[in-house]
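Written below as structure tokens is the structure these notes are about.
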Amino acid sequence: MALAGQPVLILKEGTSRTRGRSAQRNNITAARIIAEMVKSTLGPKGMDKILVDTIGDVIVTNDGATILEKMDVEHPAAKMIIEVAKTQDKSVGDGTTSAVLIAGELLAKAEELIEQKIHPSTIITGYKRALDLALKRLNEISTEVKLTDKETLAKIVRTSLGSKSLGFGMEHISNIAIDAVLSVVKDYNGKLRADKDDIQIVKKMGKSIIESQLIRGVVIDKEVVHPGMPKRVTNAKIAIIDAPFEIEKTEFSAEIRIRDPLKIKEFLDEEARILKEMVDKVSQVGANVVFCQKGIDDAAQFFLAKAGILAVRRVKRSDMEKLEKATGGRIVTNFEDLSPKDLGEAALVEERKIGEDRLVFVEGCKNPRAVSILLRAGLERQLDEAERSLNDALMNMITIVDDNRFVPGGGAVETELAQYIRNHASKYSGKEQLAMTAFAEALEVIPRTLAENAGLDPVDIMSSLRSKHVDAGYTHGINIYNGKIEDMISLGVIEPFKVKAQALKSSFEAAAMILRIDDVVAASKKKEEKKKEGETPELD
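If you're matching positions, the sequence shown starts at 92 in our numbering and goes up one per residue.
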């Protein structure tokens, strides 16, 4: 900048600045590139991506959230689009690819309008009006499902798993996800909720996906501490202790001088007596299983084994909390406070060898408020992808517990919302009307991409889909397996209402944020000083 012929330096040397139309064009292009990257993963016929990180680890997935999370992106606008995926994933666990695609398309349509000299603020206002209409119509076409209707719940979960590479294990995983979530549903002042933290996923290599199982209890990734202890306990009374089975060291340094050898024996006997008292206390309250968050002394292990008590040490805090919820017990931090009412109950506690590891299974809990899923697969990559798929299935079910409405899938919803917006856009002024129509066209990126990924002609499919919505109703979408326009409800292709609503909101917010930016000021990057080989440092 120059003031009266004199240059005025405001920004640091090396800082770059992009303004106006150029800044908008750069931001929109970066966001569209991100959308293009995940476009081919949408739908059951979507393709997978292979991601290799800096240390050579390989991930094979078609999960939009995972792809975007693992990418090392530099551009600030691209990072905003990735935030859309993260928000969608955290909120509802699914629909990340759809949200990113719609955001990318909204920006592409906005760029066309900016070229026609329409101001970004006008575009955002039009988009907001279109979003309100879309959410209103989405609300009207949603249908409620009861949590007792397992058949409909299975259709919702299977739709979310349709694009995953689970193969013949899809139905088994969907059933596990439904049972797991329904097991941990709680009533909060008349409102049902399910917490993902109450469902533990334990991954172990070996066998196949269909041998994954739901444990109505907890799986502890530890082994029994002493070989003399029982490895299987039925009708278990479980003490959950957050205190060490050890003699605690003093907080200050101390030195004990013993001159008489007999005193050494007395000293050691006293330690053993204290540990014996701890074990006796556990035994007296009726516990036959102990899970300890801290350590268990060798002498205490011996006394526990002698008393026929199964013990596990150094259990993670999160697992202790799950044990508390599953068994109905209470975490005790002081042996003196331990009482029979603090004990949890389980039909069976058993150590089992799974693959190369030994795990302790706590099963058959009466009313478990926490459950575990033991996930199996033959390959490490397959196991990781199965975990991502299971997470999507669980989040879909949790979303349905929170808001029990669903809508048709297969591009039916987006086509219906687009037509609804077009029909109502004529009531608004010229420029806003153009923005609303652009929003409607952007929504159709979902059915169009589904058709492209299935190898169908998107032009023919879209014209057939639009006419079918006019003639036969909003439930019609694309059957990508035969290329026909069919009723998605009767085909069982249905998705949670909340997933669709969140995708619309997230994509609009990201597009609006990027459109408002007209100036990008980037600080210069710090260069790491690298000493040349053989270079001697200069002395002052």
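Cβ atoms here follow ideal geometry from the backbone N, Cα and C, with glycine treated the same way.
Practice problem: Tell me, to the nearest whole angstrom, how far the beta carbon of T178 is from that of S597; I am working on the premise that it is less than 8 Å. | Solution: With 8 Å as the limit, T178 and S597 qualify as a contact, their Cβ atoms being about 5 Å apart.
Quiz item: What is the DSSP secondary structure of K313, counted as helix, strand or coil?
Solution: In this structure, K313 counts as coil in the three-state DSSP scheme.
Practice problem: Identify, in the order they occur along the chain, each residue of the same chain with its Cβ nearer than 7 Å to the Cβ of A594, setting aside the five sequence neighbours on each side. | Solution: Hits under 7 Å: Q179, G186, S189, A190, I193.
Practice problem: Measure the C-alpha to C-alpha separation of E476 and V151 and round it to an integer number of angstroms. | Solution: Looking at the two C-alpha atoms, the distance is approximately 8 Å.
Quiz prompt | Backbone secondary structure at Q304 - three-state DSSP | solution = If DSSP states are grouped into helix, strand and coil, Q304 belongs with the strands.
Exercise. Whole angstroms is fine: what's the gap from K623's alpha carbon to G308's?
Key: In this predicted model, K623 has a pLDDT of only 44, less than 50, meaning its place in the structure is not dependable; the value taken from the coordinates is given anyway. Each residue's CA atom was taken as its position, placing K623 and G308 some 60 Å apart.
Quiz prompt | Own chain residues within Cβ distance below 6 Å of E196, not counting five before or after | solution = Once the five neighbours on either side are set aside, the close Cβ partners of E196 are A533, V536.
Quiz item: From this set, D139, I422, L204, I125, which residue's C-alpha is nearest M171's C-alpha?
Solution: Residue I125 is the option with its Cα nearest to M171.
Quiz item: Per DSSP, T632 is paired with what?
Solution: What is shown of the chain runs 92 to 631, which leaves residue 632 out entirely.
Exercise. Please report how far the alpha carbon of A396 lies from the alpha carbon of V324, in whole angstroms.
Key: Each residue's Cα considered, the two are about 13 Å apart.
Self-check item: Residue range of the beta strand (DSSP E) that includes R467
Solution: Counting along the chain, R467 sits inside the beta strand (DSSP E) bounded by residues 462-468.
Quiz item: Can you name the residues that DSSP bridges to D578?
Solution: Paired residues: H567.
Self-check item: Three-way DSSP call (helix, strand, coil) for R496 in this model
Solution: Of the three classes helix, strand and coil, the one that applies to R496 here is strand, per DSSP.
Practice problem: Helix, strand or coil for E505, going by three-state DSSP, please let me know. | Solution: Three-state DSSP puts E505 in a helix.
Practice problem: Go ahead and label H210 buried or exposed: buried means 16 or more other beta carbons lie within 10 angstroms of its beta carbon, across all protein chains shown. | Solution: Looking at its Cβ environment, which holds fewer than 16 other Cβ atoms inside 10 Å, H210 is exposed.
Quiz item: From the DSSP output, which residues share a beta bridge with F259?
Solution: F259 has no beta-bridge partner at all, per DSSP.
Quiz item: When we look at the beta-carbon of N280 and count the other beta-carbons within 10 Å, is it buried (16 or more) or exposed?
Solution: By the 10 Å Cβ count, N280 comes out exposed.
Quiz prompt | Beta-ladder partner(s) of D448, from DSSP | solution = In DSSP, D448 forms a bridge with I445.
Quiz item: For G546 versus K136, is the C-beta distance shorter than 9 Å?
Solution: Yes, the pair counts as a contact, with Cβ atoms nearer than the cut-off.
Quiz item: Is it true that the CB of V584 sits closer than 9 Å to the CB of G521?
Solution: Cβ atoms of G521 and V584: not closer than 9 Å.
Exercise. Can you give me the Cβ contacts of S463 inside the same chain, cut-off strictly under 7 Å, excluding the 5 residues immediately before and after it?
Key: Listed in chain order, the non-local C-beta contacts of S463 below 7 Å within the same chain comprise Q291, V293, I306, G308, V309, V310, local neighbours out to five positions each way being set aside.
Quiz item: Between I332 and I445, is the Cβ-Cβ spacing less than 9 Å?
Solution: If you check the CB distance, I332 and I445 do not come in under 9 Å.
Exercise. Inspect the beta-carbon positions of G568 and M553 and report whether they are closer than 9 Å.
Key: Judged by their CB atoms, G568 and M553 are not nearer to each other than the 9 Å cut-off.
Quiz item: Roughly how many angstroms separate the alpha carbons of G386 and P538, rounded to a whole number?
Solution: Those two C-alpha atoms are separated by around 57 Å.
Exercise. Determine, using beta carbons only, whether Q524 and G217 come nearer to each other than 9 Å.
Key: Yes, the pair counts as a contact, with Cβ atoms nearer than the cut-off.
Quiz item: So what does E586 bridge to, in DSSP terms?
Solution: For E586, which the question treats as bridged, DSSP gives the partners V498.
Quiz item: Cα separation between E507 and V236?
Solution: Each residue's Cα considered, the two are about 21 Å apart.
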